[in-house]
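Its first residue numbered 277, the sequence shown is counted upward by one per residue in our numbering. Positions of the beta carbon are idealized from the N, C-alpha and C atoms, including for glycine. Input: a single structure, listed below in structure tokens.
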Amino acid sequence: MALLEVSDLTMHYRTRSGWVQAVERVNLSLDRGAAIGLVGESGCGKTSLAMSLLKLLPSNAQIKEGQILFDGNDLVPLTEDQMRRYRWERISMVFQAAMNSLNPVYTVRDQIVEAIQYHMPMRYEEAWSRVAKLFEFVGLDPGVMNQYPHEYSGGMKQRAVIAMALACDPDIIIADEPTTALDVIVQDRILKRMDEIRSELNMAMIYISHDIAVIAEVSDRIGVMYAGKMMEMADVVTIFQKPLHPYTFALMSAFPSVRGEKHELVELPGEPPDLISPPKGCRFHPRCPQATAVCSEKAPEFTEVEPGHFCACWNPRSK
Ligand SMILES: Nc1ncnc2c1ncn2[C@@H]1O[C@H](COP(=O)(O)OP(=O)(O)OP(=O)(O)O)[C@@H](O)[C@H]1O
Ligand SMILES: [Mg+2]
């Protein structure tokens, strides 16, 4: 059985204008030590899905349906108190834009020590030396531990929040846009280090990005989301070479390929839908070049089309 097995997870936000259907019947599974990349346009529900997995949700959010089996236990019915045993210690997260939320008035070391002591009974000195080890581990000089966040470069801050996520030796790290704010060279170095950490510690990773090219480098499998739904999931090579969903194909065509053959960059007409009243049937159908009558009537199931390759489409491109 997979370490994490999510089935039909549905999470909506209550707003004045209605329920925002941000995560709709999402399925995914993650093995110990594996890495999955979640991609999709801004607003498609990537962060909402990540926060649902940890049940770190605002008060207007509600998990409507589904299971989050972690190590065989369903997290959905757990209370806040029970969830605390899982968060950080079993599943931790590098939050979107976390590097900008380091507290400016405390040294970086003290902020990580505080996070460690909150979850593990440890004396200050012990936690302190743990931070030094974590710093070395993520490629930071422990000599800079006592500095304040404003003395760090962007890349150093990002490494520090990764160190914080590693503090309690979790089984899974969810990294939400971990390198988006950084230049490409720093981005590449940090992702490479995270990938090494994954294999050294046999830790599973969920990378989230709107840039498929960036996370493909460090993921075994890619999940493509559109308007709150998981549209396709397969190993990286299959997603690049044989995408079945017209949306995945459009997403791939929108990126210039460096090594592959030259191809025309296809622009996808239209906008992603309003998630308060998404289109009936397949949520992608109004923008889909392959849509037929059934697509506006009934939502296609997310099914395993070939071993390890899942797709939710009535008219997949070709098998
Ligand atoms: N607290 C909230 N209350 C109501 N709606 C919300 C809330 N948070 C997010 N949403 C809505 O949920 C949908 C999914 O948002 P989410 O932030 O999960 O997308 P995302 O894929 O992470 O986008 P990005 O790439 O920009 O980070 C959007 O329509 C967003 O407006
Ligand atoms: Mg997000």
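How many angstroms separate the CA atom of residue i from the CA atom of residue j?
{"i": "M440", "j": "M398", "result": "15 Å"}
{"i": "K556", "j": "C571", "result": "8 Å"}
{"i": "T383", "j": "N422", "result": "5 Å"}
{"i": "L442", "j": "E401", "result": "18 Å"}
{"i": "Y523", "j": "A530", "result": "11 Å"}
{"i": "S485", "j": "Q372", "result": "10 Å"}
{"i": "R290", "j": "Q297", "result": "9 Å"}
{"i": "G419", "j": "R465", "result": "20 Å"}
{"i": "I438", "j": "C444", "result": "12 Å"}
{"i": "E580", "j": "P519", "result": "13 Å"}
{"i": "Q517", "j": "M432", "result": "35 Å"}
{"i": "M369", "j": "S324", "result": "13 Å"}
{"i": "L527", "j": "G294", "result": "29 Å"}
{"i": "L304", "j": "W590", "result": "20 Å"}
{"i": "Q387", "j": "V381", "result": "10 Å"}
{"i": "P353", "j": "G313", "result": "26 Å"}
{"i": "F578", "j": "N379", "result": "42 Å"}
{"i": "D496", "j": "V513", "result": "9 Å"}
{"i": "F346", "j": "E543", "result": "39 Å"}
Within the present structure, is the beta-carbon of residue i separated from the nearest heavy atom of ligand 1 by less than 7 Å?
{"i": "C558", "result": "no"}
{"i": "A298", "result": "yes"}
{"i": "G321", "result": "yes"}
{"i": "Q358", "result": "no"}
{"i": "S377", "result": "no"}
{"i": "T291", "result": "yes"}
{"i": "S324", "result": "yes"}
{"i": "H561", "result": "no"}
{"i": "N336", "result": "yes"}
{"i": "H521", "result": "no"}
{"i": "L544", "result": "no"}
{"i": "G313", "result": "no"}
{"i": "S553", "result": "no"}
{"i": "H486", "result": "yes"}
{"i": "S318", "result": "yes"}
Just to confirm my understanding: we take residue i, look at its own chain, exclude 5 residues before and 5 after, and list those with CB closer than 7 Å. What are they?
{"i": "V494", "result": "A311, L467, M470, D471, Y483"}
{"i": "H561", "result": "P555, A567, C571, S572"}
{"i": "E317", "result": "H486, P548"}
{"i": "L551", "result": "V296, Q297, A298, A503, G504"}
{"i": "G319", "result": "P548"}
{"i": "G630", "result": "It is not possible to answer for residue 630, since the shown part of the chain is limited to 277 through 595."}
Can you name, in chain order, every residue of its own chain whose Cβ lies under 6 Å from the Cβ of residue i, other than the five neighbours on each side?
{"i": "Q463", "result": "T455"}
{"i": "D284", "result": "R301, E341, G342"}
{"i": "M507", "result": "V500, H521, Y523, A588"}
{"i": "M359", "result": "K331"}
{"i": "I488", "result": "V315"}
Look at residue i and residue j and say whether their C-beta atoms are less than 8 Å apart.
{"i": "L329", "j": "I450", "result": "yes"}
{"i": "M287", "j": "K340", "result": "yes"}
{"i": "I392", "j": "A403", "result": "yes"}
{"i": "I491", "j": "A510", "result": "no"}
{"i": "L279", "j": "D307", "result": "yes"}
{"i": "P446", "j": "E365", "result": "yes"}
{"i": "F413", "j": "I473", "result": "yes"}
{"i": "G430", "j": "L458", "result": "yes"}
{"i": "A480", "j": "I515", "result": "no"}
Is residue i near ligand 2, judged by its Cβ being under 7 Å from some heavy atom?
{"i": "Q372", "result": "yes"}
{"i": "D417", "result": "no"}
{"i": "D464", "result": "no"}
{"i": "D452", "result": "yes"}
Give the C-beta separation of residue i and residue j to the nearest angstrom, bearing in mind that I take them to be a contact with Cβ-Cβ under 8 Å.
{"i": "A569", "j": "D452", "result": "Contact flag wrong, Cβ pair sits at about 38 Å."}
{"i": "I344", "j": "V299", "result": "11 Å between Cβ atoms; not a contact."}
{"i": "P576", "j": "R563", "result": "About 15 Å; that fails the 8 Å criterion."}
{"i": "V407", "j": "R385", "result": "5 Å"}
{"i": "G584", "j": "N478", "result": "21 Å between Cβ atoms; not a contact."}
Among the residues of its own chain, which have a CB less than 8 Å from the CB of residue i, if the five just before and after it don't count?
{"i": "H395", "result": "W364, E365, A443, C444"}
{"i": "E427", "result": "V420"}
{"i": "S553", "result": "G294"}
{"i": "D417", "result": "F411"}
{"i": "F525", "result": "P519, R593"}
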